[in-house]
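Numbered per the UniProt record's numbering, the sequence shown finishes at 592, counting up by one with no gaps. Ideal Cβ placement from N, Cα and C applies to all residues, glycine included. Just so we're clear, the structure is a prediction, and the values are computed from it rather than from any experiment.
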Amino acid sequence: MKELGYLNKYFIKYKFSFLLGIAITIIAQFFSLYTPKLISKSLAAIEEFDTLSDSKKASATLLSHFKSELVTNILLIIGTTIIAGFLTFLMRQTLIVMSRHIEFDLKNEVFRQYENLSQQFYKQNRTGDLMNRISEDVSKVRMYVGPAVMYTINTFIRFAIVIAYMYNVSPRLTLYTLLPLPILSYTIFKLSSEINKRSTTFQQYLSKVSSFTQEIFSGIRVIKAYSLENQHQNNMIDLANESKNKSLDLARVQSLFGPLMMALIGISNLVVIYFGGLMYMEGTIKSIGTIAEFILYVNMLTWPVASLGWVSSMVQEAEASQKRLNEFLKIEPEIKNANPNHSTIEGSITFNNVSYTYEDTNIKAIQNISFSVKKGQTLAILGKTGAGKSTILSLISRLHDVTEGEITIDGSPIQALNLYDLRNSIGIVPQDAFLFSDSIKNNIKFGKEDASDSEIESAAKSAVVHANIIGFNNQYDTILGERGITLSGGQKQRVSIARAIIKNPPILLFDDCLSAVDTETEEAILNNLNEICKNKTTIIVSHRVSSAKNADQIIVIDEGKIIQQGSHNQLINQEGYYAELYLKQLSEKELL
Numbered sequence: 001m002k003e004l005g006y007l008n009k010y011f012i013k014y015k016f017s018f019l020l021g022i023a024i025t026i027i028a029q030f031f032s033l034y035t036p037k038l039i040s041k042s043l044a045a046i047e048e049f050d051t052l053s054d055s056k057k058a059s060a061t062l063l064s065h066f067k068s069e070l071v072t073n074i075l076l077i078i079g080t081t082i083i084a085g086f087l088t089f090l091m092r093q094t095l096i097v098m099s100r101h102i103e104f105d106l107k108n109e110v111f112r113q114y115e116n117l118s119q120q121f122y123k124q125n126r127t128g129d130l131m132n133r134i135s136e137d138v139s140k141v142r143m144y145v146g147p148a149v150m151y152t153i154n155t156f157i158r159f160a161i162v163i164a165y166m167y168n169v170s171p172r173l174t175l176y177t178l179l180p181l182p183i184l185s186y187t188i189f190k191l192s193s194e195i196n197k198r199s200t201t202f203q204q205y206l207s208k209v210s211s212f213t214q215e216i217f218s219g220i221r222v223i224k225a226y227s228l229e230n231q232h233q234n235n236m237i238d239l240a241n242e243s244k245n246k247s248l249d250l251a252r253v254q255s256l257f258g259p260l261m262m263a264l265i266g267i268s269n270l271v272v273i274y275f276g277g278l279m280y281m282e283g284t285i286k287s288i289g290t291i292a293e294f295i296l297y298v299n300m301l302t303w304p305v306a307s308l309g310w311v312s313s314m315v316q317e318a319e320a321s322q323k324r325l326n327e328f329l330k331i332e333p334e335i336k337n338a339n340p341n342h343s344t345i346e347g348s349i350t351f352n353n354v355s356y357t358y359e360d361t362n363i364k365a366i367q368n369i370s371f372s373v374k375k376g377q378t379l380a381i382l383g384k385t386g387a388g389k390s391t392i393l394s395l396i397s398r399l400h401d402v403t404e405g406e407i408t409i410d411g412s413p414i415q416a417l418n419l420y421d422l423r424n425s426i427g428i429v430p431q432d433a434f435l436f437s438d439s440i441k442n443n444i445k446f447g448k449e450d451a452s453d454s455e456i457e458s459a460a461k462s463a464v465v466h467a468n469i470i471g472f473n474n475q476y477d478t479i480l481g482e483r484g485i486t487l488s489g490g491q492k493q494r495v496s497i498a499r500a501i502i503k504n505p506p507i508l509l510f511d512d513c514l515s516a517v518d519t520e521t522e523e524a525i526l527n528n529l530n531e532i533c534k535n536k537t538t539i540i541v542s543h544r545v546s547s548a549k550n551a552d553q554i555i556v557i558d559e560g561k562i563i564q565q566g567s568h569n570q571l572i573n574q575e576g577y578y579a580e581l582y583l584k585q586l587s588e589k590e591l592l
């Protein structure tokens with residue numbers, strides 16, 4: 001139960017519903033447990049009338065009296081049953097609805113934690129496992145805070161009231177009736193331990209299945225291209241069989257609860273009949289109605305006792321699931337917002353001897369990088385693949401924090417700025433253009449949710465994608481497939497550029513976002529960007545000299561270090577990487 005202690009804050013938050021549910025449960029139990037007393041009273045009346053009839057002392061008036069008493073008892077039984085049923089309905093509405101609110105809050109908390117965790121976290125964890133935790137594991141936890149808590153409260157209250165009633169009627173018979181309970185408790189303890197172990201294993205395999213299928217669906221085009229459907233189908237069958245076997249192992253243990261509970265209840269009934277009968281014959285019990293009352297009490301405990309197994313199973317599964325959730329919820333995000341106050345971003349960026357090393361690979365991506373970009377200027381970064389270009393953009397948007405050195409924005413250390421104001425001030429077009437399974441319009445509006453249709457079209461025209469969009473049947477309302485699969489690589493890049501442009505931020509970061517477009521389209525986009533990027537700080541990462549030539553400043557990076565720095569005219573007149581790249585790409589263009 002240690003892991004489930006994390007949920008106590010939610011019980012405190014919804015304490016009114018929780019306490020009201022307990023109060024309703026107590027009242028409902030009093031009404032439901034009134035029935036055995038009425039039945040016992042009715043049987044005693046019948047027994048008394050039978051005795052008077054045998055002694056020929058019964059009269060018409062007495063018969064009428066007994067009939068009236070029976071009718072009254074029947075009406076009371078019906079009335080108390082209806083009230084108990086209505087109160088039980090209210091109990092479920094209170095406690096189960098509370099559990100849905102907790103499920104809602106917990107899912108949002110897990111999702112917020114996922115959003116706050118760093119890029120490193122997502123490199124170390126698979127998407128399918130993360131999805132399984134926020135869906136399956138949270139659902140298991142909801143069963144604990146809802147049905148499990150409700151039935152536990154209901155069971156303990158019913159036990160307390162029933163035993164008090166039974167003891168008041170016959171302490172000796174109560175003792176005989178409760179004899180099987182220690183056996184029941186021990187059985188529950190042993191089975192619960194086994195359920196916890198098997199439930200944890202099953203949830204782990206469920207995560208493996210989710211991760212595997214998510215990865216296959218995401219890479220379905222590659223699988224089909226290599227004709228590997230049968231191989232992956234066999235892998236899926238093997239994984240599904242393992243998961244099925246773990247599920248069956250869990251189900252076998254869980255299936256023992258029902259029969260064991262019913263057997264123990266049946267034994268209790270036999271104990272009541274046997275010892276109750278002996279006590280009646282001895283004269284210790286005055287009426288057969290008392291035995292009937294005890295049998296009803298025992299049977300009223302049938303579901304609560306049987307539910308103990310189910311509840312125990314739910315608690316154990318919830319414990320295993322909450323443990324998996326706590327593993328993530330207790331992780332401290334590496335990137336923290338140290339300044340809750342509003343930060344105004346103008347856009348001047350300075351790197352002072354900045355170095356960064358990736359923790360997972362221990363690769364030093366950049367080393368002692370220093371440069372300065374003033375507001376309104378454009379910086380171009382060129383270099384070979386893996387030189388560290390994209391890392392620089394990630395550090396500016398604080399997706400990572402520097403290992404050494406310092407980055408300043410408008411003269412202030414980047415860590416001292418409000419994290420959310422910083423990121424809201426940046427429009428970034430990533431190297432791998434990611435689009436959502438939504439309309440093209442909404443994908444562009446992602447950069448500015450309240451953008452008008454005219455603003456959307458203007459951004460699309462600046463990104464030279466408007467003509468492509470209006471060629472679709474539904475134009476801007478065209479729904480894209482997963483990750484924007486409906487569009488070509490170049491179209492996805494241009495929609496991503498439109499998304500960044502429409503945001504109109506003071507800082508624009510373009511990470512090799514023109515690699516999938518032809519040179520003519522590239523030229524048109526760059527000409528548009530020259531106008532758009534006025535008064536904005538712009539950093540362009542590229543492999544093409546054509547994307548960098550108009551920049552105010554160009555730096556060339558190799559193995560994480562700056563090897564060249566200057567303007568286009570300065571660099572083409574220097575021996576080195578930039579001049580060689582320029583001549584190579586110029587000759588390729590002439591050949592085309």
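If you check the CB distance, N352 and E406 come in under 9 Å. Classified as exposed, M281 has fewer than 16 neighbouring CB atoms from the shown chains inside 10 Å of its CB.
E406 carries a strand assignment under DSSP once its states are collapsed to helix, strand and coil. DSSP places F104 within a helical segment (H, G or I) once states are collapsed to three. Under the rule that a run must span 4 or more residues, the alpha helix (DSSP H) segments found entirely inside the segment 453-523 read 453-462, 466-469 and 489-503.
Spanning the alpha carbons of K37 and E293 requires a straight line of approximately 6 Å. Restricting attention to alpha helix (DSSP H) runs no shorter than 4 residues, the segment 115-182 encloses them at 119-124, 127-132, 138-143, 149-169 and 171-177, ordered along the chain. In this structure N132 is buried. Its beta-carbon is surrounded by 16 or more other beta-carbon atoms within 10 angstroms. Contact between M143 and L95 fails: their C-beta atoms lie close to 12 Å from each other, not under 8 Å. For Y356, the secondary structure class from DSSP, reduced to helix, strand or coil, is strand. Between S547 and Q431, the C-beta gap is not smaller than 9 Å, which leaves the two residues out of contact. Distance from T127 to Q254 at the Cβ level is roughly 30 Å; contact not present, criterion being Cβ atoms closer than 8 Å. Under the three-state reduction of DSSP, L417 is assigned to coil, being neither helix nor strand.
Spanning the alpha carbons of I267 and E317 requires a straight line of approximately 30 Å. The continuous alpha helix (DSSP H) containing Q233 extends over residues E229 to Q254. Secondary structure note for L20: its alpha helix (DSSP H) is the uninterrupted segment K15 to S32. A contact is defined here as three or more CB-CB pairs under 8 Å, and the segment 416-427 meets this definition with respect to the segment 330-338. In the three-state scheme derived from DSSP, where H, G and I count as helix and E and B as strand, T537 is classed as strand. Here A320 is buried. Its C-beta has 16 or more other C-beta atoms within 10 Å.
With 16 or more other CB atoms across the displayed protein chains lying within 10 angstroms of its CB, H400 is buried.
Under the criterion of beta carbons closer than 8 Å, A551 and L379 qualify as touching, at roughly 6 Å.
T478 and E455 have their C-alpha atoms roughly 18 Å apart. N424 sits close to P505, with the two beta carbons spaced by under 9 Å. In this structure, I265 keeps its C-beta atom at 9 Å or more from the C-beta atom of V311. Between the alpha carbons of R198 and K246 lies a gap of roughly 7 Å.
If you draw a straight line from the Cα of S412 to the Cα of N474, it is about 47 Å long. Membership of A380 in the beta strand (DSSP E) is indicated by the continuous run T378 to G383. In the structure shown, the three-state DSSP call for N339 is coil. Within its own chain, the residues whose Cβ lies closer than 6 Å to the Cβ of E3, once the five positions on either side in sequence are excluded, are E319, Q322, K323 and N326, listed in chain order. K244 counts as exposed, since fewer than 16 other C-beta atoms from the protein chains shown sit within 10 angstroms of its C-beta. DSSP, read as helix, strand or coil, puts S425 in coil.
In its chain, beyond the 5 residues on either side, Y356, T357, Y358, G388, T391 and G560 have a beta carbon closer than 8 Å to the beta carbon of A365. For the options N234, S348, I195 and T201, the alpha carbon positioned closest to that of F212 is the one of N234. With fewer than 16 other beta carbons inside 10 angstroms of its own, N573 counts as exposed.
Counting only the Cα atoms, L480 lies some 10 Å from N442. Taking 9 Å as the cut-off, the beta carbon of S42 is found closer than this to the beta carbon of I74.
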